[in-house]
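Going by this note's numbering, the sequence shown opens with residue 1, and the numbers climb by one from there.
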Amino acid sequence: MPIGNLTSQIFANIYLNEFDRYVRHTLKPRGYVRYGDDFVLFVDDETEAQKVQIVASKWLE
């Protein structure tokens, strides 16, 4: 699956590294996967999913 040029990949990793840490250590989802600038968080229920969506959206603004 193509993901764009090399500089896009590098910048995504640089800029989202801090977000990765925030998700793992603060939000603590059941699972977290990031591929380039796309990510998926696994949580236990819809309430937690809504909370995580709000917090992650604010962090990424």
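Just so it is clear, CB atoms sit at the ideal spot from N, CA and C, and this is done for glycine as well. Every value quoted in this text rests on a predicted model; they were computed, and no experiment measured them.
Counting C-beta neighbours from all protein chains within 10 Å, is the total for residue i 16 or more, i.e. buried, or is it exposed?
i     : result
VAL23 : buried
For my contact list, residue i and residue j are in at a C-beta cut-off of 8 Å; report their separation, rounded to the angstrom.
i     : j     : result
LEU41 : VAL52 : 6 Å
ARG30 : LEU16 : That pair is no contact at about 20 Å.
Would you list the one or two residues that DSSP bridges to residue i?
i     : result
VAL33 : VAL40
The alpha helix (DSSP H) spanning residue i covers which residue range?
i     : result
LYS51 : 46 to 60
LEU27 : Where LEU27 is concerned, there is no enclosing alpha helix (DSSP H), given that its DSSP letter is neither H nor E.
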